[in-house]
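Enquirer:
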Amino acid sequence: MAAPKITLYVDIVSPFAYIAYHVLRNSPVFAKCTTTYVPVLLGGIIQATGNTPPIRIKSKPLTRPPLALLNLLLQARLISYILNPADKDKWINVERLRWSKLLGVPITEAMPDGFPVFTLAVQRALCVVAADHPEKLAGCIDALYNTLWVKRDSSVIKPEGYVPVLETVIGKDAAIKVAEKSNTAEIKQKLVSNTDRAVESGAFGLPWMECTNSKGETESFFGVDHLGQVVAFLGLDGTLGQGFKALL
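Just so you know, the UniProt record's numbering puts 214 at position 214 of the sequence shown, and the rest follows in order with no gaps.
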């Protein structure tokens, strides 16, 4: 019987992509899966699909309710929520902390400085790693995610920041060569092609997962909140991992 397969599209800018990545990589639930990581540019996916980044979505002013309804809302202590709805960027921060805690993923309480950051350079670097050091790709993604989403170090998006991080995984000379090669036309096109591939598969954001079960059936899933569906589709044992009881 063939092992379940997962293709996970990766951009280190997304905290939810980080949470999904960490779970797929470390949870015993997914230990028997063959997982492929594909570097993409989340901004490119959003632009191609005409979406608005969640962090840019703001609440619309609401009309003040009639007096009778207002009194009922006051009694139910709902008036603050109704009259002062949270912007989605604030809600996203709440959700990333909830999901990381539920699934046992280490993550910084505060957002990285300057978030959202522009990850074009580092995503191109990951394309180089995928091509030249495929056996080290996961280790490099580990290190980059840890730097941005645990240590809050936003400098990792630039060569002067990511080269020292990659050096800990592939060595100094190789890390320098990665930075040099990341500016070639070949690698620039590779990131574009990877991003196009994600969009063509149906992606409109991250985490986006293409999954093939042991029967050869393939389906795609979006979001950390659908990891339970991934487990069910792939026929995995969700009782092996932290937090999955709440997802199944």
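For every residue, glycine included, the Cβ atom is placed at its ideal position computed from N, Cα and C.
If you compare alpha carbons, which of E135, R124, Q47, W149 is closest to P15?
Expert: Looking at the Cα atoms, W149 is the closest of the given residues.
Enquirer: Just how far apart, CA to CA, sit P4 and V165?
Expert: Spanning the alpha carbons of P4 and V165 requires a straight line of approximately 31 Å.
Enquirer: Comparing alpha-carbon positions, which option in V94, V199, L137, A110 lies nearest K151?
Expert: A110
Enquirer: Can you tell me whether L240 is buried or exposed? The criterion is at least 16 other CB atoms within 10 Å of its CB, across all chains shown.
Expert: L240 sits exposed, since fewer than 16 C-beta atoms from the chains shown fall within 10 Å of its C-beta.
Enquirer: Give me the Cα-Cα distance between P85 and I92, rounded to the nearest whole angstrom.
Expert: Residue placement at P85 cannot be trusted, given a pLDDT of 44 that sits under 50; the coordinates are not used to answer.
Enquirer: Take the Cβ of L8 as the centre, count every other Cβ of all protein chains shown within 10 Å, and call the residue buried at 16 or more, exposed below.
Expert: buried
Enquirer: Go ahead and label D237 buried or exposed: buried means 16 or more other beta carbons lie within 10 angstroms of its beta carbon, across all protein chains shown.
Expert: Flag for D237 reads exposed.
Enquirer: Whose C-alpha, out of N183, A198, G235, is nearest the C-alpha of V128?
Expert: N183
Enquirer: Is the Cβ of T168 closer than 8 Å to any Cβ of chain B?
Expert: The structure shown contains no chain B; it is built from a single protein chain.
Enquirer: Exposed or buried, K101, counting other C-beta atoms within 10 Å across all chains shown (16 or more means buried)?
Expert: exposed
Enquirer: If you measure between the beta carbons of R103 and V23, is that distance less than 8 Å?
Expert: Looking at the sequence shown, residue 103 is not Arg but Leu. Yes, they are a contact pair.
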